[in-house]
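All the letters of the sequence shown, read from the start, carry residue numbers 43 to 249 under the numbering used here.
For glycine and all other residues, C-beta sits at the position ideal for the given N, C-alpha and C.
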Amino acid sequence: RIHRGELGPGDRLSPERQLAAEMGVSRQRIRDALGLLEADGYLAARRGVGGGWFVTELAVPFHAWVGRTRHQLDDIVDFRLAVECQAARFAAERRTRDDLRALARAVEMLVGTDDPVRYRHADIAFHGAVAIAARSPRLLAAVEQARGELFEPTEELWHDHRASESRDFHEEIRRAIEARDADAAAGGMARHIETTRRELRRLIKGL
Numbered sequence: 043r044i045h046r047g048e049l050g051p052g053d054r055l056s057p058e059r060q061l062a063a064e065m066g067v068s069r070q071r072i073r074d075a076l077g078l079l080e081a082d083g084y085l086a087a088r089r090g091v092g093g094g095w096f097v098t099e100l101a102v103p104f105h106a107w108v109g110r111t112r113h114q115l116d117d118i119v120d121f122r123l124a125v126e127c128q129a130a131r132f133a134a135e136r137r138t139r140d141d142l143r144a145l146a147r148a149v150e151m152l153v154g155t156d157d158p159v160r161y162r163h164a165d166i167a168f169h170g171a172v173a174i175a176a177r178s179p180r181l182l183a184a185v186e187q188a189r190g191e192l193f194e195p196t197e198e199l200w201h202d203h204r205a206s207e208s209r210d211f212h213e214e215i216r217r218a219i220e221a222r223d224a225d226a227a228a229g230g231m232a233r234h235i236e237t238t239r240r241e242l243r244r245l246i247k248g249l
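In structure tokens form, the structure reads like this:
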């Protein structure tokens with residue numbers, strides 16, 4: 043969930059009991075996992091009122107991820123291209139009115155935003171809506187896996203132009219899906235993901 047961007051710097055995790063229920067494991071398994079994530083630099087525990095487990099700034103785990111996967115970056119992005127472009131194709135062929143409303147809401151979230159957290163939530167909502175509109179549970183799982191493997195640190199990649207640029211890509215894809223133009227939807231998704239590839243390369247090069 044952190045790698046996919048569902049949880050970001052400063053976010054508070056649900057209580058242990060809720061996490062255990064959501065994941066179908068014991069609370070002890072959750073405690074063990076939280077301890078490992080703390081050791082790897084993903085989480086920090088805060089005591090007292092308002093305490094709990096919080097996501098860190100992610101600098102330590104991101105640098106570790108880069109060290110492990112720098113030579114695999116293009117392969118990881120290629121995997122994301124393969125599954126998300128196909129999801130966009132299927133979405134254009136299979137979308138419903140509810141899907142179009144979900145896509146429009148996600149695009150609207152980016153209007154006038156200067157907040158990387160809001161951008162992150164809107165981006166997740168949009169790509170999730172595309173994958174859901176594809177009507178393929180296996181493809182949806184593959185999209186989630188691909189986004190998780192990439193570990194895109196939104197806050198570190200944030201630029202003033204990022205929201206407007208992303209909104210333009212999202213709107214292009216949304217319009218293509220609405221028009222049932224599978225080629226245009228896949229093409230827009232490919233250009234959107236290639237932009238992420240270039241930005242990650244620049245970020246990694248500067249580390």
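Are A134 and R222 closer than 8 Å when you measure CB to CB? Yes. Within cutoff.
Where DSSP assigns a beta bridge to A87, which residues make up the other side? DSSP lists W95 as the beta-bridge partner residues of A87.
If you draw a straight line from the alpha carbon of L145 to that of D74, how long is it in whole angstroms? About 38 Å.
Same chain, Cβ closer than 8 Å to G230, five either side skipped, listed in chain order: For G230, where only same-chain residues beyond five positions count, the Cβ hits under 8 Å are A130, F211, E214, I215 and A218.
Anyone know if the C-beta pair for W107 and L55 falls short of 8 Å? Taking 8 Å as the Cβ cut-off, W107 and L55 do not qualify as a contacting pair.
Along the chain, which unbroken stretches of the alpha helix (DSSP H) at least 4 residues long are found entirely within the region 112-155? Runs found: 115-136 and 139-150.
Proximity of V97 and L49 at Cβ, strictly below 8 Å: A contact, by the Cβ cut-off of 8 Å.
So the candidates are A227, E64, F104 and S178; which of them puts its Cα closest to the Cα of I246? Out of A227, E64, F104 and S178, F104 has the C-alpha closest to the C-alpha of I246.
What is the DSSP secondary structure of R54, counted as helix, strand or coil? Reduced to three states, the DSSP call for R54 is strand.
Measure the C-alpha to C-alpha separation of I118 and L192 and round it to an integer number of angstroms. Spanning the alpha carbons of I118 and L192 requires a straight line of approximately 6 Å.
Leaving out five residues before and five after L115 in sequence, what residues of the same chain have Cβ atoms less than 8 Å from its Cβ? For L115, where only same-chain residues beyond five positions count, the Cβ hits under 8 Å are R239, L242, R243 and I246.
Among L123, H169, T155 and Q187, whose alpha-carbon lies nearest the alpha-carbon of D141? If we check each option's Cα against that of D141, H169 comes out closest.
Just how far apart, CA to CA, sit A183 and R122? Across the structure, A183 and R122 are spaced so that their CA atoms are roughly 12 Å apart.
Helix, strand or coil at L242 according to DSSP, with G and I counted as helix: Looking at L242 - three-state DSSP - the assignment turns out to be helix.
To the nearest angstrom, how far is the alpha carbon of A232 from that of R89? Cα atoms of A232 and R89: separation of roughly 44 Å, rounded to the nearest angstrom.
Residue closest to E99, alpha-carbon to alpha-carbon, out of G52, R112, L79 and Q128: E99 has its Cα closest to that of G52, out of G52, R112, L79 and Q128.
Give the straight-line distance between the Cα atoms of R136 and A228, rounded to the nearest whole angstrom. Approximately 14 Å, taken between the alpha carbons.
Compare the beta carbon distance of A188 and V91 with 8 Å and say whether it is the shorter of the two. Not a contact, by the Cβ cut-off of 8 Å.
Which residue from M65, A205 and A86 puts its Cα closest to that of D165? Checking every option, the nearest Cα to that of D165 belongs to A205.
Per-residue DSSP class, three states only, for E191: DSSP places E191 in helix when its eight states are reduced to three.
Near L61, what residues of its chain come up, given a Cβ to Cβ distance below 6 Å and the 5 sequence neighbours on each side ignored? Leaving aside the five residues that flank L61 on each side, the residues in its chain whose CB is nearer than 6 Å to its CB run, in chain order, I72.
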